[in-house]
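Contents: one structure, followed by commentary.
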């Protein structure tokens, strides 16, 4: 079996076998490939880069070249069992709209976000007075594609405001280990990223 | 030199193709017992379709790929052309070990209805009058072409095609196949195409048609009877069309402002520039192999194509047969410098397919070669087609072909 990133593994664990999955920003298709072989899912992807799409399609994956912010709106409600967004919500121009669309076209959404409340990030800003640059967020402020950072607490608050239920939570530390299965102030400090299984209320 | 005919059944050569007894390939008469109704309402029966096959049909007839050719293409996909002597038009993509692997798949391609390389068209003899049809040939549509292809596929005993693939007008036919016969197509690959012909494209076609009709040798379409040939008009039509198949960058790269066999301009209207000479050559070569009336009919078929209009104005409805999501797996490709069938046209199809949550892949290939890129050496494009077909073959249960390397 192919090996995939830690946060992708956690995402994969949240997916029921034989389900329909849309991976938004699927990159080279590693997660889709893993899911279709390990869980027999009917997988689709959207990817911005031509290289990514070409690699995916060349590996037999159903992927379209497109932009989540413009291309998600076409899908009908509940078209998928899961809509996945790995590590890219912070790069969206309208992250709230994207989240809304994901929860509309999927019965569930799975989102992983880097935590801007992670202690190393807080400490860097506090001690150096400069925008944090970490191993996982290795961009200078003027070059980063990540334009909408949030802390895990920010993310949880947004879901509450939007009427989205968090069904499962995984908080990962620097080494990619799960340190918590629930959100807390502590997790918001020690977690470097969070993975959330979401469901819209009343859906 | 023509290759000997490879037809399994004796070719039914009739007066209609009396001018091509040496033409290789296979021929069949279709709709003999029951005439086929065209979109115009006219019925035609016993028409001839010329086709070619490559590779071997497997025991359960599940490995057939139908190739749809473009406006001026034909069924000689991977063999020396019997008229021009040039290599097959899609040898880049089709053949042993190629993405459309003829060692693995049974590949079929037929000359479209209304064409002029063996399938019944305006240059053939109307049995009712004993004279060439000319403009009395019924107007055919993309839908009619595909209807005829379906009859051919049934004649070959194939219930469900593994894949239908084609570029440009061929891509329109692919879309039409998927929409008209969703349960007879497992996978569809429409390339560099659109769900409807745009106003600009209709306009270019009209220029070509007017050039033909303005040629005094066209004789109101009766040139065959009157022993003339509207070569100048057809050549101009081809020249205008040829420009639309290229990109500004490709033209510039190929010719720039280079002069043709001279050191300075001649202050006249000779072909001073290489690009002029090239276009004149393209026009002259084209009239050798193409019938002017056929050109009128086939361009008209493209103009009339509009899948959304046929589906009540909403393209997505075309992919919702009987209220369910189309079972066909799609792979669309467009080319970044194609301004005849720009990426936006492919994207519109993708959006419609997304609206019914169909299984679709789509990629825009970065190239400066324009619309013609689908016929050329574009490795990334070929990788995509190869990967898509491999994935589909796995889902279709076609055993992977193991090649010793």
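Chains as they are written, first to last, in this note's numbering: chain A, 1 to 203; chain B, 204 to 608.
Yeah, the Cβ is synthetic: ideal placement off N, Cα and C, and Gly gets one too.
Comparing C-alpha positions only, which one of the options sits nearest to residue i?
i                     : options                       : result
residue 549 (chain B) : B:586, B:476 and B:568        : B:568
residue 331 (chain B) : B:247, B:399, B:291 and B:321 : B:247
residue 556 (chain B) : B:492, B:542 and B:524        : B:524
residue 345 (chain B) : B:328, B:364 and B:371        : B:371
residue 92 (chain A)  : A:148, A:54 and A:8           : A:148
residue 66 (chain A)  : A:24, A:190, A:89 and A:104   : A:24
residue 445 (chain B) : B:468, B:472, B:481 and B:430 : B:481
residue 252 (chain B) : B:599, B:228, B:437 and B:584 : B:228
residue 411 (chain B) : B:506, B:393 and B:384        : B:506
residue 134 (chain A) : A:145, A:118 and A:31         : A:118
residue 590 (chain B) : B:280, B:241 and B:303        : B:303
residue 598 (chain B) : B:300, B:583, B:532 and B:541 : B:532
residue 72 (chain A)  : A:156, A:95, A:158 and A:146  : A:95
residue 508 (chain B) : B:284, B:462, B:349 and B:456 : B:349
residue 369 (chain B) : B:320, B:455 and B:280        : B:280
residue 581 (chain B) : B:538, B:560, B:545 and B:543 : B:538
residue 6 (chain A)   : A:200, A:199, A:192 and A:202 : A:192
residue 277 (chain B) : B:317, B:333, B:250 and B:341 : B:317
residue 190 (chain A) : A:197, A:179 and A:196        : A:179
residue 9 (chain A)   : A:202, A:194 and A:200        : A:194
Run through chain B and tell me which residues come within less than 7 angstroms of residue i, C-beta to C-beta.
i                    : result
residue 57 (chain A) : 534, 564, 566, 587, 590 and 591
residue 50 (chain A) : 566, 567 and 569
residue 79 (chain A) : 560
Should residue i be labelled buried (16 or more other beta-carbon atoms within 10 Å of its own) or exposed?
i                     : result
residue 59 (chain A)  : buried
residue 338 (chain B) : exposed
residue 536 (chain B) : buried
residue 486 (chain B) : buried
residue 108 (chain A) : buried
residue 493 (chain B) : buried
residue 447 (chain B) : buried
residue 221 (chain B) : Bear in mind that a pLDDT of 36 at residue 221 (chain B), under 50, signals an unreliable position, so the model cannot answer this.
residue 601 (chain B) : buried
residue 460 (chain B) : exposed
residue 584 (chain B) : buried
residue 49 (chain A)  : exposed
residue 563 (chain B) : buried
residue 540 (chain B) : buried
residue 347 (chain B) : buried
residue 606 (chain B) : Because the pLDDT of residue 606 (chain B) is 45, which lies under 50, any placement of that residue in the model is unreliable, and the number read from its coordinates should be weighed accordingly. Exposed.
residue 545 (chain B) : buried
residue 62 (chain A)  : buried
residue 75 (chain A)  : buried
Just to make sure I have the definition right: I need the residues of chain A whose C-beta is within less than 8 angstroms of the C-beta of residue i. Which are they?
i                     : result
residue 597 (chain B) : 60
residue 531 (chain B) : Chain A residues near residue 531 (chain B): none, gap ~12 angstroms exceeds 8 angstroms.
residue 554 (chain B) : 71 and 74
residue 558 (chain B) : 74, 75 and 76
residue 373 (chain B) : In chain order: nothing, as chain A lies at least about 20 angstroms away.
residue 288 (chain B) : Neighbours of residue 288 (chain B) on chain A: none; closest Cβ ~35 angstroms, over 8 angstroms.
List, in order along the chain, the chain A residues whose C-beta lies closer than 7 angstroms to that of residue i?
i                     : result
residue 273 (chain B) : Residues of chain A passing the Cβ test: none, with the nearest at roughly 22 angstroms.
residue 491 (chain B) : Neighbours of residue 491 (chain B) on chain A: none; closest Cβ ~38 angstroms, over 7 angstroms.
residue 583 (chain B) : 54
residue 370 (chain B) : Here the premise fails: no neighbours, minimum Cβ distance about 17 angstroms.
Against residue i, what residues of chain B qualify as contacts under a CB-to-CB distance less than 8 angstroms, listed in chain order?
i                     : result
residue 65 (chain A)  : 565, 566 and 567
residue 111 (chain A) : In chain order: nothing, as chain B lies at least about 21 angstroms away.
So residue i and residue j are in contact, right, with Cβ under 8 angstroms, and what is the actual spacing, rounded?
i                     : j                     : result
residue 415 (chain B) : residue 437 (chain B) : 6 angstroms
residue 297 (chain B) : residue 310 (chain B) : 6 angstroms
residue 27 (chain A)  : residue 47 (chain A)  : 6 angstroms
residue 578 (chain B) : residue 295 (chain B) : 7 angstroms
residue 233 (chain B) : residue 351 (chain B) : 6 angstroms
residue 342 (chain B) : residue 272 (chain B) : At roughly 19 angstroms, the Cβ-Cβ gap does not stay under 8 angstroms, so residue 342 (chain B) and residue 272 (chain B) are not in contact.
residue 151 (chain A) : residue 116 (chain A) : 5 angstroms
Residues of chain B with CB under 9 angstroms from residue i, in chain order?
i                    : result
residue 30 (chain A) : Correct list: empty, because the minimum Cβ distance to chain B is about 15 angstroms.
Name the chain A residues whose beta carbon is nearer than 9 angstroms to that of residue i?
i                     : result
residue 600 (chain B) : Per Cβ cutoff of 9 angstroms: no residues; residue 600 (chain B) is ~14 angstroms from chain A at best.
residue 430 (chain B) : Result: empty, since nearest Cβ-Cβ is about 53 angstroms, beyond 9 angstroms.
Quick check: is any heavy atom of the ligand GTP less than 7 angstroms from the C-beta of residue i?
i                     : result
residue 512 (chain B) : As far as ligands go, the structure on display features none, and thus does not contain the ligand GTP.
Inset, instruction - Taking 8 angstroms as the threshold, find out whether the region 549-558 of chain B comes into contact with the region 262-277 of chain B through three or more Cβ pairs. - result: no
Legend entry - Sufficient close CB pairs (3 or more, under 8 angstroms) joining the region 569-579 of chain B to the region 426-441 of chain B: no
Legend entry - Contact the region 494-513 of chain B vs the region 527-547 of chain B: 3+ CB pairs below 8 angstroms: no
Inset, instruction - Flag this pair as touching only if the region 75-87 of chain A and the region 12-25 of chain A have three or more C-beta atom pairs under 8 angstroms; answer yes or no. - result: yes
Inset, instruction - Answer yes if the region 357-371 of chain B comes into contact with the region 380-392 of chain B, meaning at least three C-beta pairs across the two stretches below 8 angstroms, and no otherwise. - result: yes
Legend entry - Three-pair Cβ contact test at 8 angstroms for the region 139-154 of chain A versus the region 31-39 of chain A: no
Legend entry - Cβ pair count under 8 angstroms reaching 3, the region 509-518 of chain B against the region 398-409 of chain B: yes
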